[in-house]
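With the numbering used here applied, the sequence shown corresponds to residues 2 to 264, in that order.
Don't be surprised by glycine CBs; every beta carbon is placed ideally from N, CA and C.
Just so we're clear, the structure is a prediction, and the values are computed from it rather than from any experiment.
What follows is a single structure, written as structure tokens, with notes after it.
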Amino acid sequence: MKILVAIKQVPDKNARLQLDESGTRIVETDLSWETNESDRYAVETALRLREAAGEGEVVVVTLGPERARKAISSALAMGADRGIHLVDPDFQGGDPLCVARALAAVAQAEEAPLVLCGTRADDDGYAETPILLAGLLDRPAVFLTMGVEQVDGGLRVVRELEASRQEVSEIPLPAVLGIQSGIHEVRFTSLKGIMAAKKKPVGQPTPTELGLSADRIGKAGRRLEVLSLAPPEKKSQCEFIEGKPEEIAATLVDKLRREAKVL
Ligand SMILES: Cc1cc2nc3c(=O)[nH]c(=O)nc-3n(C[C@H](O)[C@H](O)[C@H](O)COP(=O)(O)OP(=O)(O)OC[C@H]3O[C@@H](n4cnc5c(N)ncnc54)[C@H](O)[C@@H]3O)c2cc1C
């Protein structure tokens, strides 16, 4: 089975983010980047499904500028077979629906019965691209997936719900799954894998080649406008506790227990 995995490159979790002059986007210069966490789990899941079946192909796709090629290289080094980089400028600057349209066009062109996504991008965090993608492809979809195996006629999928409850369901193929972080242990990348990745093909289809008109994708196609973006307001609270040392200590212990709830 061919499995398409959508991976996004996001700023490193420890990166110091700064807003640009418009106050709607982060400044990208001098940032370090990594593959979105749940997308790495999606790649791992695809590789395990291919290994369990003993056949198949894992193709990773990312929409993003030149720098996003690194996310593809990392997935190829883990063991994915092929990459697709939607790097054409017309793809960039869109909202989640534009991204989903581009990914849906790739899924159709590739005729991939299974598309895996992460659950949520750690930067923009819309958590809607896979849902829109499933809708555009008119496919059944399961999100927050914590287990998946191929069974006769489709997939058996496990979802983790509140209070550690698990829901097990079966869906036919073709389908879309949103993979939750922690589903499996993600494999380490070996030096051999990194060397092998250099020889694996990475296609760069244009919107025209995917049958997409420029006004449906990227900046030209977006209908969602971000008005402002701001860091959380820092509310520093400082309270002086007055009294004798033993009174101060008692009050402090009481506050730590009742208000801060750290004792
Ligand atoms: C007005 C506006 C302008 C924007 N301009 C830019 C811009 O210039 N540059 C920019 O990088 N972003 C831009 N964005 C953000 C961009 O729209 C989102 O990154 C995108 O819509 C996906 O949403 P998300 O990142 O929250 O992903 P989610 O919906 O949270 O993603 C869930 C999953 O979908 C898949 N996925 C999401 N994005 C991609 C991707 N790019 N490639 C492959 N798989 C993916 C992954 O599997 C991911 O785990 C803009 C958004 C708006 C609203």
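Residue i CB to nearest heavy atom of ligand 1 below 7 Å
i	result
Cys239	no
Arg70	no
Glu52	no
Pro131	yes
Pro114	no
Glu226	yes
Gln93	yes
Arg140	no
Ser39	yes
Val263	no
Lys14	no
Thr120	yes
Span of the alpha helix (DSSP H) around residue i
i	result
Gln151	Careful: Gln151 lies outside any alpha helix (DSSP H), inside the beta strand (DSSP E) at 142 to 152.
Ile195	192 to 198
Arg17	Where Arg17 is concerned, there is no enclosing alpha helix (DSSP H), given that its DSSP letter is neither H nor E.
Thr252	246 to 259
Leu64	Leu64 -> not in any alpha helix (DSSP H); beta strand (DSSP E) instead, spanning 58 to 64.
Leu134	130 to 138
Gly219	219 to 222
Candidates the options: closest to residue i by CA position
i	options	result
Asp124	Thr36, Gln93, Ala108	Thr36
Lys199	Ser170, Ile180, Arg83	Arg83
Pro114	Phe241, Leu230, Leu5	Leu5
Glu129	Gln19, Glu163, Leu178, Ser191	Leu178
Val59	Leu48, Gly95, Leu230	Leu48
Glu112	Ile218, Arg140, Tyr127, Ala122	Arg140
Leu228	Lys14, Gly24, Gln151	Gly24
Ile184	Ala110, Thr146, Ala76	Thr146
Val11	Arg41, Gly57, Gln205, Asp21	Arg41
Bridge partners - residue i, DSSP secondary structure assignment
i	result
Gln10	Thr36
Cys118	Gly179
Val203	Gly84
Leu303	Nothing about residue 303 can be reported from this structure: the residues present for the chain run from 2 to 264 only.
Start-to-end residues for the beta strand (DSSP E) that takes in residue i
i	result
Ile172	167 to 173
Gly24	Here Gly24 belongs to no beta strand (DSSP E), and DSSP marks it neither H nor E.
Leu156	155 to 161
Starting from the N-terminal side, write out each stretch of the beta strand (DSSP E) that is 3 residues or longer and does not extend beyond the stretch 71 to 98.
Taking only runs of at least 3 residues, the beta strand (DSSP E) segments lying wholly in the stretch 71 to 98 are 83 to 87.
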